[in-house]
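Trainee:
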Amino acid sequence: MIFTDKEIEYLTSQPFGRLATVGPHGDPHVVPVGLHYNPDLATIDIGGLNLGRSRKYRDVRARPQVAFVVDDVDPADPTAPRGIEIRGLAEALAEGGRRLGGQVAHELIRITPTRVVSWGIEANWQAGPYARSVSPDHRRTEELR
2 MIFTDKEIEY
12 LTSQPFGRLA
22 TVGPHGDPHV
32 VPVGLHYNPD
42 LATIDIGGLN
52 LGRSRKYRDV
62 RARPQVAFVV
72 DDVDPADPTA
82 PRGIEIRGLA
92 EALAEGGRRL
102 GGQVAHELIR
112 ITPTRVVSWG
122 IEANWQAGPY
132 ARSVSPDHRR
142 TEELR
């Protein structure tokens, strides 16, 4: 299992995250994007208007290594940060975006996690992050605290 039940609940409650890609000269490119958790594949799917012509899509096609962050503060305690960082390999797919709904392009970026770090979701943020690496077959995780 890649994500815990609480992490899935958090991801599906959030409309936006920030996608970081690597540009053609090795420079980082970070943009806000809408997110869709894909429960069948345990991936993060990203669509958008004109996605196929975007820098993020071109970056993913050239270099699949990405990072994706979703964070906010706990509504019950505005001083308590919470969030999840997902590092992984992304695919720039020519089809699939329309299934996300709304007015999005046919293209889709799909992130398959290789490392997940969350804070303030499983426990109080002061307990520290819950970090683990994920194997490519998604059946094994190596927990690190």
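Heads up, the sequence shown stops at 146 in the working numbering, and the numbers go up one at a time, no gaps. Beta carbons: idealized from backbone N, C-alpha and C, even for Gly. Only a predicted model underlies this, so the values are computations on that prediction, with no experimental measurement involved.
1. Helix, strand or coil for R88 per DSSP?
2. Terminal residues of the continuous alpha helix (DSSP H) containing S14?
3. Taking the alpha-carbon of T5 as reference, which of R100, I85, N51 and L20 has the nearest alpha-carbon?
4. Between which two residues does the alpha helix (DSSP H) carrying A95 extend?
5. With a cut-off of 8 Å, do at least 3 Cβ pairs link the segment 62 to 70 to the segment 15 to 23?
6. Just to confirm before moving on: does the CB-CB distance between L94 and I110 stay below 9 Å?
7. From what residue to what residue does the beta strand (DSSP E) around R116 run?
8. What are the start and end residues of the beta strand (DSSP E) that includes R64?
9. State the Cα-Cα distance for the pair R100 and S14, rounded to the nearest angstrom.
10. Go to I3, then tell me how far its beta strand (DSSP E) extends in each direction, as first and last residue.
11. Looking only at C-alpha atoms, which of L42, P40 and P33 sits nearest to G49?
12. Along the beta strand (DSSP E) that carries A21, what are the first and last residues, could you check?
13. If you follow the beta strand (DSSP E) that P39 is in, where does it begin and where does it stop?
Mentor: Based on what the coordinates show:
1. Strand.
2. D6 to S14
3. I85
4. Per DSSP, A95 belongs to no alpha helix (DSSP H) and is neither H nor E.
5. yes
6. yes
7. In this chain, the beta strand (DSSP E) harbouring R116 covers L109 to W120.
8. Counting along the chain, R64 falls outside any beta strand (DSSP E), and DSSP gives it neither H nor E.
9. 19 Å
10. From DSSP, I3 is part of no beta strand (DSSP E); its letter is neither H nor E.
11. P33
12. F17 to V23
13. Checking the displayed sequence, the identity of residue 39 turns out to be Asn instead of Pro. Segment H37 to N39, the beta strand (DSSP E) holding N39.
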